[in-house]
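**Q** Protein chains in written order, with our numbering: chain B, 7 to 277; chain Z, 4 to 221.
1) Provide the residue span of the beta strand (DSSP E) that contains residue 251 of chain B, from first to last.
2) Please report the straight-line C-alpha distance between residue 167 of chain B and residue 77 of chain Z, rounded to a whole angstrom.
3) In the DSSP assignment, find the beta strand (DSSP E) that holds residue 225 of chain B and state where it starts and stops.
4) Who are the near neighbours of residue 154 of chain B in its chain, counting only those whose CB is closer than 6 Å to its CB and skipping five residues on each side?
5) In the structure shown, what three-state DSSP assignment does residue 163 of chain Z receive?
6) So that I know if they touch, is there some Cβ in chain B lying closer than 8 Å to that of residue 124 of chain Z?
7) Anything in chain B within Cβ reach of residue 212 of chain Z, meaning under 7 Å, just list it in chain order.
8) Out of Z/147, Z/33, Z/173, which one is the CA nearest neighbour of residue 204 of chain Z?
9) Start and end of the alpha helix (DSSP H) containing residue 123 of chain Z?
10) Judging by CA-CA distance, which residue of B/270, B/237, B/206 is the nearest neighbour of residue 216 of chain B?
11) Please report the residue range of the beta strand (DSSP E) in which residue 114 of chain B lies.
12) Less than 8 Å between the C-beta atoms of residue 92 of chain B and residue 10 of chain B, yes or no?
13) Between Z/143, Z/121, Z/173, Z/197, which lies nearest to residue 1 of chain Z when the distance is taken from Cα to Cα?
14) From the DSSP output, which residues share a beta bridge with residue 241 of chain B?
15) How about the region 45-65 of chain B and the region 240-256 of chain B: do they share at least three Cβ pairs that are nearer than 8 Å?
16) Hey, is the region 85-102 of chain Z in contact with the region 163-177 of chain Z, meaning 3+ C-beta pairs nearer than 8 Å?
17) Who are the near neighbours of residue 47 of chain Z in its chain, counting only those whose CB is closer than 6 Å to its CB and skipping five residues on each side?
18) Taking Cβ positions only, does residue 110 of chain B come closer than 8 Å to chain Z?
19) Along chain Z, in chain order, which residues have C-beta atoms closer than 8 Å to that of residue 137 of chain B?
20) With distances taken Cα to Cα, identify the nearest neighbour of residue 12 of chain Z among Z/103, Z/151, Z/188, Z/211.
21) Using a cut-off of 7 Å between C-beta atoms, extract the partners of residue 120 of chain B located in chain Z.
22) Under three-state DSSP, which class holds residue 100 of chain B?
23) If you draw a straight line from the C-alpha of residue 134 of chain Z to the C-alpha of residue 119 of chain Z, how long is it?
24) Identify whether residue 33 of chain B lies in helix, strand or coil by the three-state DSSP scheme.
25) Measure the beta-carbon distance from residue 138 of chain Z to residue 72 of chain B and round it to whole angstroms, keeping in mind my assumption that it falls under 8 Å.
26) Give me the subset of the region 238-263 of chain B whose CB atoms are less than 8 Å from a CB atom of chain D, sorted by chain position.
27) Against residue 268 of chain Z, what residues of chain B qualify as contacts under a CB-to-CB distance less than 8 Å, listed in chain order?
28) Which residue's Cα is closest to the Cα of residue 115 of chain Z: B/123, B/117, B/116?
29) Less than 8 Å between C-beta atoms, sequence neighbours within five positions excluded: which residues of the same chain meet that for residue 1 of chain Z?
30) Tell me the rounded alpha-carbon separation between residue 267 of chain B and residue 274 of chain B.
31) So for residue 130 of chain B, helix, strand or coil by DSSP?
32) Report the residue ranges of all alpha helix (DSSP H) runs contained in full by the region 152-229 of chain B; include only those spanning at least 4 residues, in chain order.
33) Three or more C-beta pairs closer than 8 Å, one from the region 253-265 of chain B and one from the region 73-85 of chain B: is that the case here?
34) Between residue 72 of chain B and chain Z, is there a C-beta pair that is closer than 8 Å?
35) Under three-state DSSP, which class holds residue 118 of chain B?
36) Are the beta-carbon atoms of residue 98 of chain Z and residue 56 of chain Z separated by less than 8 Å?
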């Protein structure tokens with residue numbers, strides 16, 4: 007049993023970060039993918055995560071979305087523990103009900119979109135609001151159409167995903183996640199499965215979200231140029247740890263650590 | 004050789020028992036629905052439930068239907084459970100095929116990509132909601148051909164019930180054959196009746212699959 011007495015039951019005041027990983031640890035058997043990691047994301051901040059595969063980039067997002075169980079440490083969202091809950095003045099591992107209550111602030115987009123194939127674009131966007139938030143169909147439809155408009159997909163709202171291109175599907179997936187009105191949006195390699203010529207239509211939507219909406223965003227990406235353009239901060243993950251982090255201009259322009267330099271020059275060569 | 008007079012003479016005398024047929028059709032549909040529960044139980048978080056259901060399904064699938072029919076009909080009364088041939092037969096066939104059908108469903112459920120679950124969790128759904136809204140609707144179309152096979156199989160296995168005296172088609176043909184010594188005609192007609200019902204059923208099932216897939220936009 008892990009000793010959690012050093013962790014706060016609740017973060018104080020108004021100054022707490024929107025998302026806070028505290029000594030987060032994740033292992034699959036003997037393979038440790040995340041080790042003792044601390045990472046804070048401030049409200050409204052856009053943080054990009056880069057690094058070689060196997061560095062635990064995606065795992066960070068998946069744990070925040072509660073798709074993976076945490077093996078150590080605590081994750082806080084908006085000041086309250088997500089992975090744990092208070093019981094008799096102590097933190098214990100959260101049960102499903104607590105996870106559901108806390109993760110309502112978080113939305114996620116996936117590499118392979120994961121749209122519901124038996125539903126049209128608008129039905130995909132209405133599914134969460136109707137089934138989970140209890141909105142009426144009319145309200146959910148209005149909200150869905152508004153968001154499909156935002157991502158430029160309103161004219162395809164009655165199409166099933168099988169009739170849409172990858173870029174179009176990913177834009178619908180972004181609208182679907184936004185329909186839940188999350189405070190935190192997670193983008194997990196959302197352009198990695200796309201053909202090069204449609205990457206722009208997805209990155210443009212994310213740009214728009216950054217400039218027009220006060221969302222906290224955490225993005226795992228291989229698009230270095232894009233990460234450099236829109237992030238407030240970039241984290242370079244290596245071997246389960248944050249090797250280096252900082253404003254994009256500094257991290258890309260003048261990386262301090264050898265691993266970062268190697269990674270960035272390898273990526274540059276690939277282009 | 005083949006006595007064409009035979010039909011004219013015997014057809015009117017056959018007790019067709021359409022009431023059985025009408026009774027069995029809705030039962031079949033109902034059973035295909037119930038069977039889904041077996042498949043879902045094997046995905047339950049309760050290890051005990053999963054184990055019990057899985058072993059039960061394996062047991063039933065690994066023993067002959069004929070033995071199960073005999074068992075329910077003849078062994079039941081020793082424990083005070085006396086059932087009519089018809090009811091015993093329905094229970095045996097129902098049980099036997101529900102175990103096969105549940106495997107078809109299980110295959111369908113497993114074929115739904117994991118990403119669908121993750122998307123549902125990301126929309127903050129409960130555990131039950133994605134089953135109802137995403138997983139089962141997507142699991143059914145790929146399962147339909149397999150379900151159809153077994154439904155036709157059930158139909159073709161009903162002659163097994165003649166061993167406990169259910170007066171189904173083959174049983175009736177036997178009776179007529181022994182009475183008239185015209186086995187060729189009696190069995191041929193029964194064969195044609197089976198064919199006449201099974202072939203359209205296969206076509207209907209195929210059409211139904213297409214209909215469901217279109218309906219779900221897949």
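Beta carbons are placed, not taken as given, at the ideal position from N, Cα and C, and that holds for glycine.
**A** A quick look at the data gives this:
1) 247-252
2) 55 Å
3) 222-226
4) 160, 163, 181
5) helix
6) yes
7) Neighbours of residue 212 of chain Z on chain B: none; closest Cβ ~14 Å, over 7 Å.
8) Z/147
9) 117-125
10) B/237
11) 112-115
12) no
13) Because chain Z in this structure spans residues 4 to 221, residue 1 of chain Z falls outside the shown range and cannot be described.
14) B/55, B/251
15) yes
16) yes
17) 53
18) yes
19) 126, 128, 132, 136
20) Z/188
21) 118, 119, 121, 122
22) coil
23) 10 Å
24) strand
25) With a Cβ gap of about 18 Å, residue 138 of chain Z and residue 72 of chain B do not count as contacting.
26) Chain labels in this structure do not include chain D; the protein chains are B and Z.
27) Residue coverage of chain Z in this structure runs from 4 to 221, which leaves residue 268 of chain Z outside it and unanswerable.
28) B/123
29) Outside the modelled stretch of chain Z, which goes from 4 to 221, sits residue 1 of chain Z, for which no answer is possible.
30) 10 Å
31) helix
32) 172-184, 202-218
33) no
34) yes
35) coil
36) no
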